[in-house]
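What follows is a single structure, written as structure tokens, with notes after it.
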Amino acid sequence: MLFYSDTISPRLRYIVEFFSAELFDEPVELTSDEELFRQSSGPRINYSKHDFSEKEFFVSSTSLLFEKDIRQQTTDCFEVNFHKAFFATRGDFPFDIFAASFYLISRYEEYLPHELDEFGRYAHTNSLAFREGFLNQPLVNIWLADFKKALLRKFPELIFRHRQFTCLLTYDVDIAYSYRNKGFRRNAAGFVRSGLKGNWSEILQRMRVLRGKEKDPYDCFEWLDALHLYCRIKPYYFFLVAKKRGTYDKNISTRRKAFREMIEYYAKQYKIGLHSSWQSNNDPRLLKEEKEWLEVVTETSIAESRQHYLKFNVEKTFAVLQNCGIEKEFSMGYGTTNGFRASICSSYLWYDLKQEQSTDLVIYPFCFMDANAIFEQKLTPSQGYDELIHYYELVKKYNGIFISIWHNHLLTSEAAFAGWREAFELFMKETVYWDAYYDKG
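Just so we're aligned: 1319 in this note's numbering is position 95 of the sequence shown, and the numbers increase by one with no gaps anywhere.
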């Protein structure tokens, strides 16, 4: 495939390489040589203001990919094939799919002035996807499917890359145990707190757990191991390893031998990532210390991360992570609602708009998190299960990567979260199991 533009900018090169990786096995050739393009007889895309012949695929270009600054864009949406699009143009495709895709996956709008939520994060209500009602769709992947069909009408001989659906389970271990391995002071404070609330059942439960008479309510790790074995799936575990407790960092102390041994065990079984603490969000030095501690304990290089509370700033956080040696980032999603923050269900390279360059940092977007369903959307387990299956089947339809986030302390048998453990088990045994079977069996 030959791709022509009279100007080749960093933004254009980035998005063409993205399309190339998504659609073809061979890289797309990018050129600004008009004569070379005119003489070509193979499949070719003309991305400019003027078409040359009917034998090319013409997409009339807008200005976004050739700009060198960040400014408010006009993103008036309209319907195309029963879904939304913007940057309307003329040609063989009804809108500038390259600029629109760049706008969404680069998170361009997050560089513009916007409101923050209570945790200082980009609020999902700011987003074009939320305002226009496509937050629950991997719109870029939907566009890609339409684009393939349009290309085939012009070039029937084209052969596209076959992408395989992947289900990637991930766990954030914010609090490994409710009572165990917390030390005398934290448990004593817990007894007092429960006593002041008159919660005698919690006091008795804490006593039984500390005496070894009952399993810690947050300790569902053996149960999860059994499910993973049954479904033949290898998950990711992201451990919060803050060195000191904070308002939002309440993990088991890194000085606890049992916590270190747990991490060592899982590092031998699965992929381990850093769940960067809240305190490290604005402290690169602390982030580096947490990563190095995890590397020492696991005796392996840590290249994956997810931000605690999903707190990140596209202008700063990803650059800091990359400088720290992180290669794969799993935070792309909202902490207030489920859906597709970047409107995509494929992994992709992060584009640094501040530096105007593509990077080697791979972004892995998620679309479902148990905490969102429970606390933010206030769904029942049955409703949460239905939403989970909806996203799973949608991502599967477009051969994307279905990434979900789960927390051990929410998969407990405690009454407050009754039904969620069962919903997760049903999902694993009735959905994940069969796809793993067909993929590998």
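Ideal Cβ placement from N, Cα and C applies to all residues, glycine included.
Legend entry - Beta-carbon proximity check, residue 1466 vs residue 1523, cutoff 8 Å: no
**Item:** C-alpha distance - residue 1436 paired with residue 1404, whole-angstrom precision
**Value:** 9 Å
Can you grab the Cα-Cα spacing for the pair residue 1278 / residue 1314, in whole Å? 14 Å
* Have a look at 1555, 1618 and 1256 and flag the residue whose alpha-carbon is nearest the alpha-carbon of residue 1629. => 1555
Residue 1454 versus residue 1304: straight-line alpha-carbon distance, rounded: 42 Å
To the nearest angstrom, how far is the alpha carbon of residue 1505 from that of residue 1535? 7 Å
Legend entry - Alpha-carbon to alpha-carbon, residue 1284 and residue 1276: 12 Å
Under three-state DSSP, which class holds residue 1312? strand
Kindly indicate the opening and closing residues of the alpha helix (DSSP H) around residue 1254.
It is not in any alpha helix (DSSP H) - residue 1254 instead sits in the beta strand (DSSP E) that spans 1253–1255.
Alpha carbon to alpha carbon, what distance is there between residue 1510 and residue 1490?
23 Å
Self-check item: Beta carbon of residue 1495 nearer than 8 Å to that of residue 1528
Solution: yes
#### Entry: Separation of residue 1451 from residue 1652, as counted between CA atoms
7 Å
(Q) Rounded to the nearest angstrom, what separates residue 1664 and residue 1392 at their Cα positions? (A) Summary for residue 1664: the model assigns pLDDT 42, below 50, so the residue's position carries little reliability; its value from the coordinates is reported in the next sentence. Between residue 1664 and residue 1392, the C-alpha separation is close to 15 Å.
Point to revise | residue 1340 versus 1434, 1627, 1265 and 1350, residue with shortest Cα-Cα distance | key: 1350
Note to self: As an exercise, report each continuous alpha helix (DSSP H) stretch of at least 4 residues that is fully enclosed by the stretch 1488–1532, in chain order.
What the structure shows: 1508–1522
What's the gap between the Cα of residue 1463 and the Cα of residue 1526? 11 Å
### Message
Which residue marks the beginning of the alpha helix (DSSP H) containing residue 1370, and which one marks its end?
### Response
1363–1378
Taking the Cβ atom as the reference point for each residue, do residue 1331 and residue 1538 lie within a distance shorter than 8 Å? yes
Continuous alpha helix (DSSP H) assignments of at least 4 residues falling wholly in the stretch 1255–1310:
1258–1263
Limits of the unbroken alpha helix (DSSP H) element including residue 1616:
1605–1621
**Prompt:** Which residue from 1263, 1336, 1306 and 1320 puts its Cα closest to that of residue 1295?
**Reply:** 1336
Can you give me the C-alpha to C-alpha distance between residue 1355 and residue 1324, rounded to a whole angstrom?
16 Å
**Asked** Expressed to the nearest angstrom, what Euclidean distance is found between the alpha-carbon atoms of residue 1599 and residue 1613?
**Response** 19 Å
Practice item. Measure the Cβ-Cβ separation of residue 1586 and residue 1362 and say whether it is below 8 Å. Key: no
ask   = Can we say the stretch 1588–1606 touches the stretch 1368–1387, given the rule of at least three CB pairs closer than 8 Å?
value = no
query = Of the choices 1631, 1624, 1648 and 1575, whose alpha-carbon is the least far from that of residue 1604?
reply = 1648
Which residues in the same chain have their Cβ closer than 7 Å to the Cβ of residue 1232, if we skip the five residues on either side of it in sequence? 1254 and 1256
- Item | Identity of the residues DSSP links to residue 1540 by a beta bridge | Note: residue 1540 sits in no beta bridge, so no partner.
Ignore the nearest five residues each way along the sequence and tell me which others in residue 1656's own chain have a CB closer than 7 Å to its CB.
1391, 1455 and 1457
query: Which word fits residue 1642, buried or exposed, when buried means at least 16 other C-beta atoms lie within 10 angstroms of its C-beta?
result: exposed
Residues near residue 1590 by beta carbon distance below 8 Å, same chain, minus five either side: 1394, 1554, 1556, 1557, 1627, 1628 and 1629
Q | Where residue 1325 falls: helix, strand or coil (DSSP) | A | helix
What I want to know is whether the C-beta of residue 1565 ends up closer than 7 Å to one or more non-hydrogen atoms of the ligand GTP. Of ligands this structure carries none, so the ligand GTP is not represented either.
Is residue 1502 near residue 1460, with beta carbons less than 8 Å apart? no
Where the alpha helix (DSSP H) containing residue 1240 begins and where it ends: 1234–1247
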